[in-house]
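Here the protein sequences come in this chain order: A and G. Residue numbers for the first sequence follow UniProt numbering, so the first one is 1 and each next one is one higher. Residue numbers for the second sequence follow UniProt numbering, so the first one is 1 and each next one is one higher. Some notes on the structure that comes next.
Protein chains: 2
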Amino acid sequence: MRELTVDLGERSYPIYIGEGLLSEASSYFQRHGISKRSPLMIITNDEIAAHYLAPLQTELEAGGYRVHSAIIPAGENSKSLDMLGELVGEALEAGLDRKSAIVALGGGVVGDLAGFVAASYMRGIKFVQLPTTILAHDSSVGGKVAVNHPLAKNIIGAFHQPEFVLYDLYTLQTLPLREVKAGLSEVVKHGLIWDAEFVDWCEKHANDLLALSPDALGYALHKGCGVKAVVVSQDETEQGLRAILNLGHTIGHALEAVAGYNELLHGEAISIGMVGSARLAMKFGAPSQVYEQTKRTLAKLGLPVVLPEKYDVDKVMSAMMHDKKFAEGTMVFVLPTAIGKVEIRRDIPVDWVREVLEQLKLEDEQQ
Amino acid sequence: MRELTVDLGERSYPIYIGEGLLSEASSYFQRHGISKRSPLMIITNDEIAAHYLAPLQTELEAGGYRVHSAIIPAGENSKSLDMLGELVGEALEAGLDRKSAIVALGGGVVGDLAGFVAASYMRGIKFVQLPTTILAHDSSVGGKVAVNHPLAKNIIGAFHQPEFVLYDLYTLQTLPLREVKAGLSEVVKHGLIWDAEFVDWCEKHANDLLALSPDALGYALHKGCGVKAVVVSQDETEQGLRAILNLGHTIGHALEAVAGYNELLHGEAISIGMVGSARLAMKFGAPSQVYEQTKRTLAKLGLPVVLPEKYDVDKVMSAMMHDKKFAEGTMVFVLPTAIGKVEIRRDIPVDWVREVLEQLKLEDEQQ
């Protein structure tokens, strides 16, 4: 079992990573002072529920907990104000009070939604995260929770830190391979912004990761969470440093918007975005090896590293221009200056971005 | 002009109380660092907008601010998740970013709703309160913001402190007399829990207050906000002390629920509730003078101090029993032990409460 702490003063919390942790969940709940007198509510989706809900509920009830569970449809559409209202209704009917906890069993969608329920129910109750995807190693650190609005993703939310995170590696075994790869994209991102050695390790152990070796996964998730934790602990509410976590996201978000949210997974979009950022960085003098290793590592993990021919560069550009509204009139790019090191630049000529996208697309044709 | 500070460390903020403050709003906005580069959004209701929106918007625009305004229907029904979604949509279309501020122009409903928009939009942006009712002297201190769920009031919310509060006494001149009285109920409550001299003052100056004398109102709001500020600064997130602010609310909330939310104003319901608490306190040995002065002061302000005959005691009791669910199985009562002093008791026999309600009702018949 690996453990690390997200250091946020009074709101610090541990992340436990290991095999079979869900089967001893109640001892963790107890150790972290989750009340047995007040009911708790597990929020999960229909797909995850089929695998892991019943045993978890049995385990917690055996430990003396009163457990209500709420099952939402899988997919991004569940991150809505309507679903928030429904879950608050369920919480009220189940008798959740100020001492109760909301438990997120699932990936990023479940975590973001359940976290916002916990942040806003009675103005904030306790929250526990039980991630079941690789991608959730990212969203489970830092306390960003939110739902979507028809006009923008993650626009209604809060910063609400969990009491603890219990990461059971067994739950990753049932992930579809495509989601495994997409999740590893954010793992590599954490290396690229902070830890060159870890990027080397990812490149060397790509096959172990894809084979879901518990040892390799445990190591990689511990490293990935660790980078995120250090960054977040220095900038909890995203005033500055935390923006480096957006490596690959300027292009990535635009691609997701153009592709439609199910055609390109988030991790796939930011994989292309990270390669694009590394190419853009070359124009500011970053060595070509940075671009090459970024691309090579992501490719070894089976991630897309070129812009598929079918995406229109104009549309991607215009999606990016729309996004910039949200940052007070400036277009923000995170650029790698070396492997393990990035800088934030706000002076990127629009033409350079277009040029890079066209290069990325050309590479698709050449493949 | 009177000024006081709500002392909350990094989140401390001032409250300015005086005549004509809205006509110099932009200088306050500027002094408190509200950005002119990012648009701001005023949220108000149709009734208040008719009186004060146009001059305020003109004043802010003359000061260099870009102002969007959103007008909601007056009334408690606007405090909903649907309205939150609509307002977030308006904010997005108006281009509000992380440096923008949400400005609440209105009473408690507008403040609670606008505050939750500010708390959750992009996970929290700046918030400015411009209260236009007496009751809002209460809700504008302490940062409690929320919307309602069909099953419970104020159940979805946050703690989000404003940058500052600008309380223009001119806006109180257009209040209907019934709302003036209901607002004064919470003013007296702040005296009853903390400041005996101020209760004496309220009793002596009841007529000045009802005549909306700016001097009397300014003094009373400064005192009322001051008590709330001291209590809140010692217990920002309602872990303990802050509960004393609920004097009169156990019975009051039950009455509101039984009466339907428009038949009995909040201030009227808690007026009856405070008299009931003082009677209940006598059973624990509080002197009868406490009960008598409580009743006399509220009556002088034209507030109801008996339980109207038409309300069924059984229904009020059952509404109270329902409410108790939210406090982990205990029924909480704030009881006055002297004028200016209260204690929280969790050991109230249900029969005593019923007895007190019946006494309060009997007094209605005797009048």
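We put the CB at the ideal spot given by N, CA and C, even for glycine.
In the structure shown, G:E309 falls within a coil segment according to DSSP collapsed to helix, strand and coil. For the pair A:V313 and A:V334, the Cα-to-Cα distance works out to about 20 angstroms. At least 8 angstroms separates the CB of A:A196 from every CB of chain G. Taking all protein chains in view, the Cβ of G:S12 is surrounded by fewer than 16 other Cβ atoms within 10 Å, so the residue is classified as exposed. The beta-carbon of G:H253 is placed no less than 8 angstroms from the nearest beta-carbon of chain A. Taking 8 angstroms as the CB threshold, G:H32 stays off the interface with chain A. Not one beta carbon of chain G lies nearer than 8 angstroms to the beta carbon of A:G115. When C-beta distances to chain A are compared with 8 angstroms, the residues of the segment 82 to 111 of chain G below that value are D82, L84, G85, V88, G89, L92, E93, G95, D97, R98 and K99, in chain order. For the segment 203 to 224 of chain A, the beta-carbon criterion of a distance under 9 angstroms to any beta-carbon of chain G is satisfied by none of its residues. For G:L245, there is no enclosing beta strand (DSSP E), as DSSP gives it neither H nor E. Within chain G, no C-beta atom comes nearer than 8 angstroms to that of A:M41; the closest sits roughly 14 angstroms away. Around the beta carbon of G:S288, fewer than 16 other beta carbons lie within 10 angstroms, which makes this residue exposed.
Only residues of its own chain outside the window of five on either side were considered, and among them L255, V258, A259 and K361 have a CB closer than 8 angstroms to the CB of G:Y311, listed in chain order. Beta-bridge pairing by DSSP links G:N45 to G:I72. Taking 8 angstroms as the upper bound for CB-CB distance, G:A229 and G:V187 are not in contact here, some 14 angstroms apart. With contacts defined as CB atoms closer than 8 angstroms, G:I71 and G:Q57 fail to qualify as a contacting pair. When the alpha-carbon of G:E358 is set against those of G:P336, G:V306 and G:A158, the nearest one is in G:V306. About 6 angstroms separates the beta carbons of A:V128 and A:A101, which is inside the 8 angstroms limit, making them a contact pair. DSSP, reduced to helix, strand and coil, places G:I339 outside both helices and strands of the structure shown, so it counts as coil. If you ignore the 5 residues before and after G:F116, its C-beta comes within less than 7 angstroms of the C-beta of L84, V145, A146, V147, G157 and A158, all in its own chain and listed in chain order. With a threshold of 8 angstroms between beta carbons, G:H137 makes no contact with chain A. Here the segment 120 to 134 of chain A lies against the segment 161 to 180 of chain A, with 3 or more beta-carbon pairs under 8 angstroms apart.
Rounded to the nearest angstrom, the gap between the Cα atoms of G:G240 and A:C202 is 50 angstroms. Against chain G, the beta carbon of A:S120 has neighbours under 7 angstroms at I156, G157 and A158, listed in chain order. DSSP links A:F164 through a beta bridge to A:V128. The alpha-carbon of G:S140 is positioned some 10 angstroms away from that of G:I134. Annotated three-state conformation of G:A319 is helix, per DSSP. At the C-beta level, A:L177 and A:L301 stay beyond 8 angstroms of one another. Straight through space, the alpha carbons of G:K204 and G:G107 are spaced by roughly 27 angstroms. The beta-carbon distance between G:V332 and G:I344, rounded to whole angstroms, is 6 angstroms. This is short enough to meet the 8 angstroms contact definition. Rounded to the nearest whole angstrom, the C-alpha separation of G:Y16 and G:I270 is 27 angstroms. Residues of the same chain with a CB within less than 8 angstroms of the CB of G:A338, apart from the 5 flanking positions on each side, are A196, A286, P287 and V290 in chain order. For a Cβ distance threshold of 7 angstroms, residue set L92 of chain A lies close to G:A152, ordered along the chain.
Between A:T171 and G:Y167, the alpha-carbon positions lie close to 55 angstroms from each other.
Look at A:V109 here: in three-state DSSP terms it is helix. Interface annotation, G:H68: not in contact with chain A, CB-CB separation never under 8 angstroms.
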